[in-house]
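Numbering (the numbering used here) for the sequence shown: 86 to 377.
For reference, the structure is listed below as structure tokens.
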Amino acid sequence: MFENKKIGLGWLPDYPDFRDYTEDVPQVKEMIEKIKVPSKEAKTLKLPSSVDLRQWCSPVEDQESLGSCTAHAGVGIVEYFERRAFGKYIDASRLFLYKTTRNLLKWTGDTGAFLRTTMGALVLFGVPPEEYWPYNIADFDKEPPAFCYAFAQQYQAIRYFRHDPPGTDACTLMNRIKLFLAFGIPAMFGFTVYSSIYQANNDGLIPYPCHGERILGGHAVVAVGYDDNLEIKNKNCNEKTKGAYLIRNSWGTNWGNSGYGWLPYQYVLSGLARDWWSLIKNEWVDTGKFGL
Numbered sequence: 086m087f088e089n090k091k092i093g094l095g096w097l098p099d100y101p102d103f104r105d106y107t108e109d110v111p112q113v114k115e116m117i118e119k120i121k122v123p124s125k126e127a128k129t130l131k132l133p134s135s136v137d138l139r140q141w142c143s144p145v146e147d148q149e150s151l152g153s154c155t156a157h158a159g160v161g162i163v164e165y166f167e168r169r170a171f172g173k174y175i176d177a178s179r180l181f182l183y184k185t186t187r188n189l190l191k192w193t194g195d196t197g198a199f200l201r202t203t204m205g206a207l208v209l210f211g212v213p214p215e216e217y218w219p220y221n222i223a224d225f226d227k228e229p230p231a232f233c234y235a236f237a238q239q240y241q242a243i244r245y246f247r248h249d250p251p252g253t254d255a256c257t258l259m260n261r262i263k264l265f266l267a268f269g270i271p272a273m274f275g276f277t278v279y280s281s282i283y284q285a286n287n288d289g290l291i292p293y294p295c296h297g298e299r300i301l302g303g304h305a306v307v308a309v310g311y312d313d314n315l316e317i318k319n320k321n322c323n324e325k326t327k328g329a330y331l332i333r334n335s336w337g338t339n340w341g342n343s344g345y346g347w348l349p350y351q352y353v354l355s356g357l358a359r360d361w362w363s364l365i366k367n368e369w370v371d372t373g374k375f376g377l
């Protein structure tokens, strides 16, 4: 059972960087326009009340006790795009991406990582198939062989962009993430994990924390849908929220709803879920498989 298991976390909140790409940067904007995502200035589009992208996701994996959630999120998004665009995907090495991310940071040890650096490592070094650098957590600080770096070219055309640059209004952010999800573009992000997350072990319904709850750390996941009408109650204080994002977690399929869960919109509105990023690539959008 999941109840007795030590959960792996590992998301480190990053400092704002005005060099970050956003959806308004020409290299990103051009690809977004191909799938007809309305600009921020456009008239508000009526979105469906719920979206679920799980059918295109690769199988949920388990980070175990390692702080590699950012690598799991990055690999999970790439596998989603490959599977939706081309009907197949390469099972990418999570351990390789976690190691190269920390190499970029000049860190050793099971430190966790920043999402920005995780995507930087993904685009710079690529990711080999899992079979060449399997997920054995005892090897997390070993340097992969040079051969594992030979796949970099396949990833260099990927662009990553931030949904919440400094000054972003929380309500605007919440709705913008929903808009991109409706058009088939998932987003990875980090959130503060509270002790009440254990209430979600069996159904994936993560409650909004009650006053005085203990913080466990930071965790990165992928938003792959939403439901405006879903209610989640925190059993500790009976507080309810309405509306939540569907998340792809990295705690194995025994957690939540076969590895998926729901995180209330209130996490975004309160600033407890931030550091929102998406990936995009011409080769993916040119397939015509994305859009409303």
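Think of the CB as a built atom: it goes at the ideal place given N, C-alpha and C, for glycine as much as any other residue.
None of these values were measured; they are calculated from a predicted model.
Check	Outcome
LEU97 and GLY303 closer than 8 Å at C-beta	yes
Proximity of ASP312 and ALA329 at Cβ, strictly below 8 Å	yes
Distance, CYS322 Cα to TRP218 Cα	45 Å
Cβ pair count under 8 Å reaching 3, the region 203–212 against the region 262–270	no
Other residues of its chain near PRO123: CB distance less than 6 Å, five sequence neighbours each side excluded	LEU130
Where PRO271 falls, given that 16 or more other Cβ within 10 Å makes a residue buried	buried
Boundaries of the beta strand (DSSP E) in which TYR165 is found, first to last residue	It is not in any beta strand (DSSP E) - TYR165 instead sits in the alpha helix (DSSP H) that spans 154–171.
Local Cβ density within 10 Å of THR193, reported as buried at 16 or more and exposed below that	exposed
Alpha-carbon to alpha-carbon, PRO294 and SER280	8 Å
Selected residue, minimal CA-CA separation from ASN334, among VAL113, ARG201, CYS233, SER143	SER143
Residue from SER153, TYR283, LYS173 whose Cα sits closest to the Cα of ASN221	SER153
Cβ contact check for the region 110–124 and the region 172–186: 3 or more pairs under 8 Å	no
Alpha-carbon to alpha-carbon, SER134 and TYR156	Before going on, a small fix: residue 156 reads as Ala here, not Tyr. Distance between the alpha carbons of ALA156 and SER134: 30 Å.
Secondary structure of ASP288, DSSP reduced to three states	coil
Stretch-stretch touch, CB-based, cutoff 8 Å, three pairs: the region 226–244 with the region 364–372	yes
Identity of the residues DSSP links to TRP336 by a beta bridge	ASP147
Element boundaries [alpha helix (DSSP H), containing THR257]	255–267
Boundaries (first-last residue) of the alpha helix (DSSP H) holding VAL353	351–354
ASN367 in three-state terms, based on DSSP	helix
Of the listed residues GLU164, ALA305, ASP254, GLU115, nearest to PRO214 (C-alpha basis)	GLU164
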